[in-house]
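Beneath this line is the structure, given in structure tokens, with notes to follow.
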Amino acid sequence: MKLGIGIGWRPEIAAEVEALTGVDWVEVVAENLCADHLPDSLVRLRERGVTVVPHGVSLGLGGADRPDAERLAGLAARAELLGTPLVTEHIAFVRAGGPLTASPRLEAGHLLPVPRTWDALEVLCENVAIAQDALPVPLALENIAALVSWPDEELTEGQFLAELVERTGVRLLIDVANLHTNHVNLGQDPAKALDELPVEAIAYVHVAGGVERNGVWHDTHAHPVTAPVLDVLAELRSRVDPPGVLLERDDAFPPGAELAAELETIRVTLRAAGELETIRPTLRAAGGPSGARKGTRTGTTAPPAARPGARDRTAVAQTALLSALVAGTPAPEGFDHRRLRVQSRALAAKRADVVAKVAPELPEILGDGYRAAFLDYARSRPMSDGYRRDALDFVERILVSGGLPDPVAQRRLTHWWEDRSGPRPPSRTTRIVRAARAVLAGK
């Protein structure tokens with residue numbers, strides 16, 4: 275399906291997106307949608323004939339566990355609600371621990387790289403097949419940006435993606451900004467990756483901005499698209515005409531005129547690179563996947579099973595890495611310790627930022643002390659059950675450890691926690707909070 279030029283729809287720029295001309299389609303974060311109704315802006319866009327593609331971020335198909343049935347059902351429901359031609363997710367793991375390792379469940383709150391090994395590939399392929407059987411439309415998977423690389427990898431990124439497509443028929447969502455990120459951070463050549471991957475399997479392309487700090491490229495989605503990222507887009511276009519190209523922006527949203535200018539720059543880049551396509555022959559045979567590889571499984575055959583022990587080995591490796599990043603355990607052998615520290619700080623900072631969005635009252639109540647207090651909490655308390663639970667646990671820690679010196683702020687924080695903690699048996703923490711509230715009320 276030809277998608278054309280699109281932009282990531284976000285509530286903060288809903289009006290700007292609606293006003294843009296020449297936008298053929300939009301992409302929306304699946305987890306930010308209710309499964310039974312759409313925001314008015316998306317309803318209006320769909321009425322105008324604009325395609326809306328849900329983009330998942332929480333399945334963790336590269337993780338050692340099999341995909342969660344409830345998360346898959348939620349993604350399927352959103353696909354049905356939107357009437358979308360496909361859904362997308364990431365080649366990443368987002369959680370580790372649990373029954374496979376007999377250890378506490380840990381959440382990264384971020385997309386982490388899958389080791390490019392045969393074990394990890396087999397686990398990923400089995401998970402993808404399960405997901406394809408549960409979804410009503412084809413699935414496409416995105417390559418991610420990384421700050422760290424796994425030691426002793428057995429495949430390049432291009433080889434890994436080619437094997438994934440060959441074994442599952444899944445489509446690809448190629449993020450050229452992520453290819454540039456991995457070039458700066460890990461020394462991986464974007465052109466080599468494009469030469470090795472099956473470009474005929476590309477469903478669409480992401481383009482996004484970032485920034486370099488101290489020799490590390492941060493894929494922020496909060497900065498303008500840079501020339502090097504556009505160069506990678508041109509490299510891709512010189513090999514294949516992608517069905518769709520989408521501009522992503524997730525923060526520090528600019529005015530609509532700046533978004534329109536970035537979209538026009540993307541169009542110009544594609545046109546210029548397309549003129550080279552007749553000069554530089556594509557390195558792969560033309561044509562799409564065969565009839566047996568349409569990006570979705572028929573359900574008539576069993577999913578390919580991972581080799582015995584592959585899930586267990588993958589689980590142990592991913593748990594060790596995530597534990598080092600969020601729980602302060604020793605770094606697994608072979609990893610770059612400096613890069614692990616950078617990634618660990620980035621994960622904690624993202625937790626603080628997302629909790630501030632999920633619970634905007636907390637930075638308002640805590641003021642300038644919010645960030646320092648949250649980062650101190652995060653050092654000793656890994657996330658285990660999503661950002662909303664993280665916000666509650668953060669406030670519980672403050673209340674149990676002595677509360678706030680300002681009685682007005684203390685009262686507001688106590689009320690906030692009680693309003694959101696939900697019905698459950700009165701734990702020790704609950705009794706302490708109620709007692710604190712009673713004291714503050716002068717009872």
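Every position in the sequence shown, counted from 1, becomes a number in the working numbering once 274 is added.
Cβ atoms here follow ideal geometry from the backbone N, Cα and C, with glycine treated the same way.
Identified DSSP bridge partners for residue i
i, result
"VAL297", "Beta-bridge pairing links VAL297 to no other residue."
"VAL303", "HIS329"
"HIS364", "GLU416"
"LEU446", "LEU415 and ILE476"
"LEU386", "PHE367"
"GLY280", "TRP299 and LEU520"
Assigned secondary structure, residue i (DSSP; H/G/I helix, E/B strand, else coil)
i, result
"PRO378", "strand"
"TRP690", "helix"
"HIS457", "helix"
"GLY530", "helix"
"GLU486", "strand"
"VAL324", "coil"
"VAL481", "strand"
"LEU438", "helix"
"GLY372", "strand"
"HIS492", "strand"
"GLY643", "helix"
"PRO498", "coil"
"VAL514", "coil"
"ALA353", "helix"
"PRO425", "coil"
"PRO285", "helix"
"GLY548", "helix"
"SER597", "helix"
"LEU614", "helix"
"THR539", "helix"
"GLY660", "helix"
"GLU509", "helix"
"GLU292", "helix"
Residue j beta carbon less than 9 Å from that of residue i
i, j, result
"ALA451", "VAL503", "yes"
"LEU687", "VAL669", "yes"
"GLY279", "GLY530", "Before going on, a small fix: residue 279 reads as Ile here, not Gly. Not closer than 9 Å, so no."
"LYS466", "THR494", "no"
"ILE404", "ASP449", "no"
"ALA605", "LEU614", "yes"
"GLU290", "LEU520", "no"
"TYR478", "GLY518", "yes"
"ARG390", "GLU440", "no"
"PRO637", "ARG645", "yes"
"ALA584", "LEU374", "no"
Exposure of residue i, with buried meaning 16 or more beta-carbon neighbours within 10 Å
i, result
"ARG511", "buried"
"CYS308", "exposed"
"GLU400", "buried"
"ALA611", "The question names Ala, but residue 611 in the sequence shown is His. Flag for HIS611 reads exposed."
"HIS311", "exposed"
"ALA501", "exposed"
"ASN459", "buried"
"SER654", "exposed"
"MET657", "buried"
"ALA347", "exposed"
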